[in-house]
Structure formats: C-alpha cells, structure tokens
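Protein chains: 2
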Amino acid sequence: MAIKFELIKESKKTKARLGKLYTPHGVVETPVFMPVGTRATVKGMTPEETKELGASIILSNTYHLYLRPGHKLIEEAGGLHKFMNWDGPILTDSGGFQVFSLGEMRKITEEGVVFRSHIDGSKHMITPEKSMEIQNSLGSDIMMVFDECAPYPSSREYIENSMERTTRWAKRCKEYHKDWNKQGLFGIVQGGMYKDLREKSAKDLVKIDFPGYAIGGLSVGEPKELMCEILDFTTPLLPKDKPRYNMGVGTPDYLFESVIRGIDMADCVLPTRIARNGTLMTSRGKLVVRNAKYKKDFNKLDPECDCYTCTNYSRAYMRHLFNVNEILGARLATIHNLYFLLKLMENIREAIKEDRLLEYKNIFYKKYGYIN
Amino acid sequence: MAIKFELIKESKKTKARLGKLYTPHGVVETPVFMPVGTRATVKGMTPEETKELGASIILSNTYHLYLRPGHKLIEEAGGLHKFMNWDGPILTDSGGFQVFSLGEMRKITEEGVVFRSHIDGSKHMITPEKSMEIQNSLGSDIMMVFDECAPYPSSREYIENSMERTTRWAKRCKEYHKDWNKQGLFGIVQGGMYKDLREKSAKDLVKIDFPGYAIGGLSVGEPKELMCEILDFTTPLLPKDKPRYNMGVGTPDYLFESVIRGIDMADCVLPTRIARNGTLMTSRGKLVVRNAKYKKDFNKLDPECDCYTCTNYSRAYMRHLFNVNEILGARLATIHNLYFLLKLMENIREAIKEDRLLEYKNIFYKKYGYIN
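Chains D and F, in that order, are what the protein sequence lines are.
Here the first sequence stands for residues 304 to 675, where the numbers follow my numbering.
Here the second sequence stands for residues 304 to 675, where the numbers follow my numbering.
Structure follows, in structure tokens:
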C-alpha cells in the first residue's frame, strides 16, 4: 500500500498535530521519534527490544549500507526488513547527508556527487538515480530524495544554488522511482536560514508532489531560536494532509519545539550515541553515570522511570559496568534513553490529544532544568 | 538452607551421574555447565536472557570483584545477587586462580599471596581468611577455598608443597566461614598429574569435610588423555553423595569426557569469549563467521539450532555485524554459544537418564568432527 497520512487532530494553541502514518509495514502514530539503526542494527539492541520500548518506525542509513555490506547483498537477502529482522516500518535517508559529512574529497556536479569512502578511500558516485536504486534494493517503506544538506553558515548564493539543484534532483528521484505501493518517497525542503529560499523550495517540491516532506538543513549548528523561526515559517507552506519530518533532532527541547511548530516525525542518533558513553537522559536532566559520585548510589537512574534498566539496576551497578567497560552498560543505557524519548513522544501525543501540550512542556522543562 | 546434593542416578557403562544440587537460591540439575559472569555480568547478556537460555547457576570472579567495584560496595548493595539482578544460584571462585594468572609480582607464603593488581599495580594480599571475607561479602551460594592452581608442568616437589599448603589453607577457610545456611564452601583437590599426591589431597580434604569438591589443576595445558586419566583416578576418591566440579572446562569434548568420568559441574569463559570474536560452536564444529565465504550465506549459523539467533538471523547478517564491529554481533553470538553448550548439557542429562551417553557422544563427535 502507498504511504498515506491521516490527520487526526490539530491543536488550537500551537501548530502541533496528531496523525497516523500508514506504511507497507504498519501504522505509525505521530508525532513520532525514530531510533536510528545506521548499519542495519539499532546499536546493541534486538529488533524485538526496540519495538518493546515503543519504537514504531526506525531509520537506517543508505550511505553506510551501500558501502557495507552493499545494497545488492541486502536485496539478495530479501531486503533490509528481512536481513535485520525488523518487520515494522523503516525510513532510509538518501545518503546525501553522510556523503557530505563522512565522505572524503567529494565533488558536487549537476549529475551527482563523487566521493571517497571514509572506510577504504575507494571512489564512488551517488546520483539521485543511484540513491533511488540503493533504497529500492533496501526496500525501506519511506525513501528520501537525494539532497544536499548545506553547511551552516553558508552564503545566500551557495544556499540558493544548492537548493535549486536539490529540487532538480528531487524531480529526478521521483521520475526514477516506480513502485509507489511498495515504497514511498519524501521530498526535502532546503533553503538554509533564508525564508524566501525556503518558500521557493517548499512550493517547487509541493508542485512535484510527494507523500511527505522533510525540512532539511536544520539543527546543523544554528541557534535554537533560528531553527524555531524557520520551522514556524516553513511548516505552513506544506500541505496539511502530508507528514512533516525534521531530520536529525533528538533532544527533548528540540522535539518539543519541533512538534509545537507542526512537525510529525524526527530522528537522531543522540539517545543511543550518548548512552554508549554512559550519559543518561532523565526527568531531572542529563546524568553522567561514570561520575565518581554515583559509586555508592544505589538509587535508580531516573526516579520517575519504569524502564527495564531503572526497574532492575542501580546507578552504582551502571557505574561499575561503564567503569570496567562491560557491553551490558551500553545496552542498559541504550534501553533507558530510547525508552525515555519514546515515552516522551507518547506523553506529547497524549498532551496534544488533551490540549495541554504547552503545560506539559512547562512541567517537563522545569524538572529537566531547561530554561524556557 | 545448606548446600545439599541428591544423587539421582549412576550410569552403568560410565561413571556419569545425574543429580540435583540444592542451594539457597534454587535447585540445579547436574551435570551442569555454569556460564561465567566475571565482573558481575555474563558479558553482553541480561540475567533474564542467560536464564532463558537454560543457565541454572552462574560463576563470578572473586579477584575481579574484589578489585572493582570492591566487595564491600557489593555487600552494601545487598550482595552480588541483588547488585547484578541475578536471583539464581551463584558460585564464586576463590580468587586464587586469577591472583596467579593475572596478578603481578606475586609472592606465596604460608600466610597467603601478596600481589600487584593487573589494573593499577596496587599491592594486595589475599589469605584464605581474606578470600572467605570477600566471598562472604559477595554472598554467593557456593564459595571455593583459596588454593594454588600450580602450573603445568611442575616438579613433583613443587606440586607436593603446593598441594599440602592448599590443604592447610582449605582448613583455615572452613574455620573462618560461619553461616553455612547462607553459603556453602567447596574444597579443591590438587596434586597435579601425580596420582599419589591426588590421593593424599582428596583424602585430607574429605577428612576436613566439605559439601562439595572441585578437581583443580586440570585443563592447564596438559594433553586431554592425561586430564582423563587423572579424572578417572580421582573421582572415585571423592564421596558419592557430594558434587564434583571440574574447573575451567568448556569445550564439548572436555565436557563429555568429564561427565563420563563422574564430574557434575563445569565452567568456562570459552563459549562467551570466542563468541565475541565471532566464533560459533555448532553441531558441525566451529564456524568463524567473519570468514569471507559467509558473505552471501543466508543460511542460519547451525542447521540444527533453534536458538533466538539461529531462528532470526543469517550467517551473512552475522558476518556483516562482526565486519562493521556492531555490539549486536557479540550479543547474538553469545546467545548462540551459551544456548549450544547449555542444550548440550541438557541432552547429556537426558542421555544419562536413558543410558545412552556413549552413543550420544559418538553421534555428536561424528557430526562435530572430533576424532574419538
């Protein structure tokens, strides 16, 4: 079945929305946070665990899978779902972001991007068509168009050229992709911090017509206020009946501010990445469990949390695991952080339903220690 | 309740036995393989997973826990069971083996062993009494007496002195330990490859009287035939109504040969350690999954296995995980190897029950590729 979005509710006090995203591998309640499984695994977790923590859709990375183990191998295995044993929806990025952030000696032309692999220096070219070919092989439910996520800050001229090219690439992606019942394809609005360029990008992409739209080029180092301003301006330019996705957002405040501005989807490696370093997201803010002060602290990580980790282990045990570099530490911390963010999104959906999102945000920020 | 052993059945064709080992934290069916949780965790696994794979008792290491996080901290946490969230039986070694194999600049006196930590070079002394104090703090169900596991080969004189001292230390351990309802204590027969010394050691230890006995100083580099010969000679010297434990044994052949010679318990880091390097124990022998020939092999690791890993993942996926160094690879391989050995022990118990252990061994060896 083709990607479909059902708008369930629009908030009155904010732009927040409740929705349902229908995909070939299941329904996703929005707003949603998507855990990242870069190399066909959410690091340290089995798919069953990830699902049990509340994940309804995960993201995987085209660039990484193209290089290792190769998209053709995954196609032979029966697609990414089967290869990694995840039977829920998967969104794949286009490879664009990683080509620009990880690839070496990259050169952009109208045709596509030539780059060297960050693993072995081998030379590759990804074009919009190649990105579609790879994502077709992976068989993700939602593919992303091949775009350039321009760095921040960049000149207006650079951003304008890059944005116009991204739009032309988006058209080529749509032309290349065939089986819309098997896989959907989202456009990506670019335009940096320039509102008129955002407007041009959004209008052109909407004209091409995609079943969903991402807002790219945000949380790339700009101040939070600027991200909020661009979101405030851009989401109203997008069709109400299509999902909107803010790429690379995974701190509680960025999630709140995105949802409030009409964002339905977000993803980030942050919760899983900081978990592996022993940093926990808790209702009282960040907790760095390696800290010596937790040596004899037999309390749970987060007094308000009922995840597997908090139910069964103390801060002292977690500190011990990280101190002696035991794998279980990374696992238990990942379980907690994913649960924390996925639960936060569930609470956010509940709050939207009951028209108290701003109140919930204030209560959360006060405990977490955010300045509002 | 005090440690108790119930002998259920003795084989006719071999010395193999079926039994039940009663401990304060539950009953263990023997012969049993004990997975190792060196630093208060079976590497990469949650306790629930380890139990689900069929583990009824685990081993943890006194030396490691004494150094980090410290036995007093674990005592404050409520004991090792609570600290690590394992509510089944735990056996702790005495620290002796690690002091001799990991500790640096060690010096043995009648009093005990002075050594430097392999972590930070700090100086420590472990005496029989200190080993009891540490193990009392940990609260394991079964403690081991502080012994010297003499290297192989060693002179008769060295082995004799070491064995006699180990016996004197065993007496001191028994005198120090108080609460026999909370924790049992096993003696350790030493004597190297000298039968008369083994006999002396066994007789003296049986006179001191312990609720169980280990046969130490085996699988330290001697040929398998020699281990078998010493086991053949030694187990009949031990009381029938007490469990017998062969320390550090974890390959299928060593487990078969030990059980056939009247051993009830064994432990080894092998299955979990080789798993983390991508080596799998399968019914057709060892499988090194990093090998390039598995790149596009979409079969399961072991055609006969129904563990979680074999049910859900291919060799190609496993190879990918190890190739890109993903934690999940180590986890899935550990799950498989532990399941493989624990299932083997279950099959061995079943075969003893039905008086067909040697037949089962032959079938297993033939498939595994062992020379019988």
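Where a beta carbon is used, it is the ideal one built from N, C-alpha and C, also for glycine.
query: Per-residue burial, residue 462(F) [other beta carbons within 10 Å of its own, 16 or more giving buried]; result: buried
query: Cβ contact (3+ pairs, closer than 8 Å) linking the stretch 540-560 of chain F and the stretch 571-586 of chain F; result: yes
query: CB of residue 529(F) within 7 Å of CB of residue 496(F), strictly; result: yes
query: Given 8 Å, three or more beta-carbon pairs between the stretch 382-390 of chain D and the stretch 436-443 of chain D; result: yes
query: Where residue 460(D) sits in the DSSP three-state scheme; result: helix
query: First through last residue of the beta strand (DSSP E) which encompasses residue 549(F); result: 547-549
query: Beta-carbon neighbours of residue 617(D), restricted to chain F and to distances below 7 Å; result: 380
query: Residue 586(F): first and last residue of the uninterrupted alpha helix (DSSP H) it sits in; result: Premise fails: residue 586(F) is in no alpha helix (DSSP H) and is neither H nor E.
query: Any chain D beta carbon closer than 7 Å to residue 355(F); result: no
query: Beta-carbon spacing of residue 305(F), residue 472(F) below 7 Å; result: no
query: Closer than 7 Å to chain D by CB, residue 625(F); result: no
query: CB contact below 7 Å: residue 366(D) versus chain F; result: no
query: Per-residue DSSP class, three states only, for residue 325(D); result: strand
query: Classification of residue 526(D) by the beta-carbon crowding that lies within 10 angstroms, buried from 16 upward; result: exposed
query: Residue of 673(F), 641(F), 397(F) and 537(F) minimising C-alpha distance to residue 288(F); result: Because chain F spans 304 through 675 in this model, residue 288(F) falls outside it and cannot be assessed.
query: 7 Å Cβ cutoff, residue 631(D) in contact with chain F; result: yes
query: Secondary structure of residue 601(F), DSSP reduced to three states; result: coil
query: Residue(s) in a DSSP beta bridge with residue 418(D); result: 427(D)
query: Contact with chain F by residue 344(D), beta-carbon distance below 7 Å; result: yes
query: Identity of the residues DSSP links to residue 478(F) by a beta bridge; result: None; residue 478(F) has no bridge partner.
query: Proximal chain F residues relative to residue 388(D), where beta-carbon distance stays under 7 Å; result: 615 and 616
query: Identity of the residue in 590(F), 363(F), 612(F) and 657(F) nearest residue 672(F) by Cα; result: 590(F)
query: Start-end ranges of the beta strand (DSSP E) lying completely within the stretch 323-376 of chain D, minimum 3 residues; result: 329-333, 335-337 and 361-363
query: Contact set for residue 402(D): own chain, Cβ-Cβ below 8 Å, skip 5 residues either direction; result: 366, 409, 416, 418 and 429
query: Neighbourhood of residue 501(F) by C-beta distance below 7 Å, restricted to the same chain and skipping five residues each side; result: 492, 494, 533, 536 and 537
query: Cβ-Cβ distance between residue 398(D) and residue 450(D) below 7 Å; result: no
query: According to DSSP, residues forming a beta bridge with residue 517(F); result: 491(F) and 548(F)
query: According to DSSP, residues forming a beta bridge with residue 310(D); result: 322(D)
query: Check whether residue 639(D) and residue 661(D) have beta carbons under 7 Å apart; result: no
query: Length of the line joining the Cα atoms of residue 549(F) and residue 559(F); result: 12 Å
query: Cβ pair residue 644(D), residue 336(D) closer than 7 Å; result: yes
query: Residue 376(D) versus residue 349(F) - alpha carbon distance; result: 32 Å
query: Interface partners of residue 376(D) on chain F, CB under 9 Å; result: 598, 599, 619 and 623
query: Check whether residue 391(D) and residue 328(D) have beta carbons under 7 Å apart; result: yes
query: Residue 568(D) - DSSP class collapsed to helix/strand/coil; result: strand
query: Residue range of the unbroken beta strand (DSSP E) whose run includes residue 411(F); result: 407-411
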